[in-house]
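Residue numbering for the sequence shown follows our numbering, beginning at 26 and increasing consecutively.
Glycine included, each C-beta is placed from N, C-alpha and C at the ideal position.
As the structure is a prediction and not an experimental result, all values here were calculated from the model.
These notes are about the structure you will find just below.
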Amino acid sequence: MERNEVQNHCKPGGRVRGHEAAIYLGMAEQTLARMRTEGRGPRYLKIGGRVFYRLADLDAYIEAAVIETTDSRALAG
């Protein structure tokens, strides 16, 4: 499954399961689970004991990881 396929497998509210979220982020599912237990990583939902991630939260996590460089600041104006 690829990132664009994850978007097609969303549950109501734009929710995806852990393995789909890991694909979307480009990391191993175990890494995402470990980050969650350590209190790191993207926001998540727990519904009936199951963990879900909203695509909007995954996108926000990705956006928050952007590192500005001297060159990128100069290009931004």
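Looking at the structure shown, is residue i part of a helix, part of a strand, or coil, going by DSSP?
{"i": "residue 76", "result": "strand"}
Assuming the contact rule is C-beta atoms closer than 8 Å, residue i and residue j should be a hit. Round their C-beta distance to whole Å, please.
{"i": "residue 60", "j": "residue 51", "result": "Contact doesn't hold; Cβ gap of about 13 Å is too wide."}
Label residue i either buried or exposed according to how many other C-beta atoms from any shown protein chain fall within 10 Å of its C-beta, with 16 as the threshold for buried.
{"i": "residue 57", "result": "buried"}
{"i": "residue 46", "result": "buried"}
{"i": "residue 91", "result": "exposed"}
> Where in the stretch 30 to 68 do unbroken runs of the alpha helix (DSSP H), each at least 4 residues long, occur, reported from the N-terminal end onward?
Replying inline: Counting whole runs of 4 or more residues, the stretch 30 to 68 contains the alpha helix (DSSP H) stretches 43 to 50 and 54 to 62.
> Any contact of the stretch 30 to 41 with the stretch 72 to 85, i.e. 3+ C-beta pairs under 8 Å?
Replying inline: yes
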